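Chains as they are written, first to last, in our numbering: chain A, 140 to 255; chain B, 3 to 120.
Virtual Cβ for every residue (Gly too), placed ideally from N, Cα, C.
Since the model is a prediction, treat every value here as computed from it, not as a measurement.
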Amino acid sequence: KAGVTQTPRYLIKTRGQQVTLSCSPISGHRSVSWYQQTPGQGLQFLFEYFSETQRNKGNFPGRFSGRQFSNSRSEMNVSTLELGDSALYLCASSELAGSFSTGELFFGEGSRLTVL
Amino acid sequence: AQKVTQAQTEISVVEKEDVTLDCVYETRDTTYYLFWYKQPPSGELVFLIRRNSFDEQNEISGRYSWNFQKSTSSFNFTITASQVVDSAVYFCALSEAEGNNAGNMLTFGGGTRLMVKP
């Protein structure tokens, strides 16, 4: 069974640009969550999607957005990039969401974004 | 608000030593879930264990063991006879309950980098 796949693995952008990151969950998993990891703030929850609906959202500005498609694949977008957005963005999938979840999240290897 | 504290930012041990990683949490919820994840250099987080707030039994899995003490709000992780392959960053995390199960919105501690030297 293939794991969680994130693309691209590495990317460099400049301030003011926007970026879209993609996540393909494990086959059969319908919940996708996104986390940001930085040296200063650590791992922080961005948002969770289930059945194309956003279930939860972390404390991030509106420049951070996401969506989920009918095949459970998810994308996240960051607009008007700032230097502080440089981070490893991790996607995680689980079989179900919230009430029925096993609580085990399967993470991808992340997309490392550098903003210059 | 929930908070997870891992006071040890970095630990270095020699192979075969036992090592304990500390985790202290804060939550107002009476029902919650605790996790440990391992992050090797490749970046992905690997699930190790989940524990709910009603289950204070200690758990052992091979060389790994976990000690959950609700009275001190701690969920410590011990690796017995450490090996070089155990070198990684370890994260403790907390989630609130959604119904009778764990939610997927985790609050992570800052992580402990474990270096096991041969």
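task: Note the first and the last residue of the continuous beta strand (DSSP E) segment covering B/K1.
output: Within the shown structure, residues of chain B are numbered from 3 to 120, placing residue 1 of chain B beyond reach of any answer.
- prompt: By a C-beta neighbour count over all protein chains shown, 10 Å radius and 16 as the cutoff for buried, is A/Q180 buried or exposed?
  reply: exposed
task: Please report how far the alpha carbon of A/N198 lies from the alpha carbon of A/F184, in whole angstroms.
output: 8 angstroms
field: Per-residue DSSP class, three states only, for A/S166
entry: coil
- request: Would you kindly report the start and end of the unbroken beta strand (DSSP E) that includes B/F56?
  value: It is not in any beta strand (DSSP E) - B/F56 carries neither H nor E in the DSSP assignment.
task: State buried or exposed for A/V171, treating a residue as buried only when at least 16 other CB atoms are found within 10 Å of its CB.
output: With at least 16 other beta carbons inside 10 angstroms of its own, A/V171 counts as buried.
- request: Rounded to whole angstroms, what's the CA-CA distance from B/V26 to A/S213? Just pull it up for me.
  value: 33 angstroms
- request: Alpha carbon to alpha carbon, how far is B/M117 from B/E17? Give it in angstroms, no decimals.
  value: Between B/E17 and B/M117, the alpha-carbon positions lie close to 9 angstroms from each other.
- prompt: If you draw a straight line from the alpha carbon of B/S73 to that of A/H168, how long is it in whole angstroms?
  reply: Those two C-alpha atoms are separated by around 36 angstroms.
- prompt: Looking at chain D, which residues of the segment 160-176 of chain A have a Cβ within less than 7 angstroms of any of its Cβ atoms?
  reply: The structure shown contains no chain D; its protein chains are A and B.
- prompt: Which residues of chain A have a Cβ atom closer than 8 angstroms to the Cβ of B/E46, listed in chain order?
  reply: By Cβ distance, chain A contributes G142, V143, L229, F246, G247, E248, G249.
- prompt: Helix, strand or coil: which one does DSSP assign to B/A14?
  reply: The sequence given here places Ser at residue 14 of chain B; Ala does not occur at that position. B/S14: strand per DSSP, three-state reduction.
query: For A/N195, which residues in chain B fall below 7 angstroms Cβ to Cβ?
result: M107
task: Report the option in A/L182, A/P164, A/I151, A/A141 whose CA atom is closest to the CA atom of B/Q8.
output: A/L182
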